[in-house]
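Asker:
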Amino acid sequence: MTQQRLTFSSIIAAATAVVVLGLPGMASAAYEHPANNEKGIIVHQEHFKSEKTRQQVIAETKAAMQQGRLSYGESNYPMPVPNVGPGKTRQQVINEMLNESPAERDARQRLYYPG
């Protein structure tokens, strides 16, 4: 029977894995607590303390998007919709549809009813 010795690099790798896998749990431990439910935790938002304002986070996100520093899925921050004023009334839309040309009607129908 042979006995294998633990090498220094394997000990370092194991210690690193323990630290890396434990960090997310420790970071959220301030406002996530164990619970006996399907999720396994209960979140207390009032325990979360942020050091940045919402405007600071939005500014940092926009800067990172422009610099291309976000990976896929992180850059889908919803941009604010510009205020274009009041929309059309129901009657205005109906009048537009009644007064559209046959070519416009055909284009609209091809857009909404393919085939």
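Under mature numbering (1 follows the signal peptide of the UniProt record, and there is no 0), the letters of the sequence shown match residues -29 to -1, 1 to 86, in that order.
Note that CB positions come from ideal geometry on N, CA and C, so glycine has one too.
(1) For K33 and P73, what's the separation of their Cα atoms in angstroms?
(2) Can you tell me whether E9 is helix, strand or coil according to DSSP?
(3) Would you identify the three-state DSSP class for H4, choosing helix, strand or coil?
(4) What is the C-beta distance between H4 and I12, in whole angstroms, given that I count them as a contact (C-beta under 8 angstroms)?
(5) Alpha carbons only, please: which of A(-17), P85, N70 is nearest the one belonging to Q62?
(6) Using the Cα positions of S21 and Q27, report the straight-line distance between them to the nearest angstrom.
(7) For the alpha helix (DSSP H) containing E75, name the first residue and the last one.
Answerer: Inspection of the coordinates gives the following:
(1) Their Cα atoms are separated by approximately 45 angstroms.
(2) Shown here, E9 sits in coil according to DSSP, grouped into three states, outside any helix or strand.
(3) H4: strand per DSSP, three-state reduction.
(4) The Cβ separation is near 7 angstroms, so the contact holds.
(5) Among A(-17), P85, N70, the Cα nearest to that of Q62 is on N70.
(6) The alpha-carbon separation between S21 and Q27 amounts to approximately 11 angstroms.
(7) Counting along the chain, the alpha helix (DSSP H) containing E75 begins and ends at 73 to 83.
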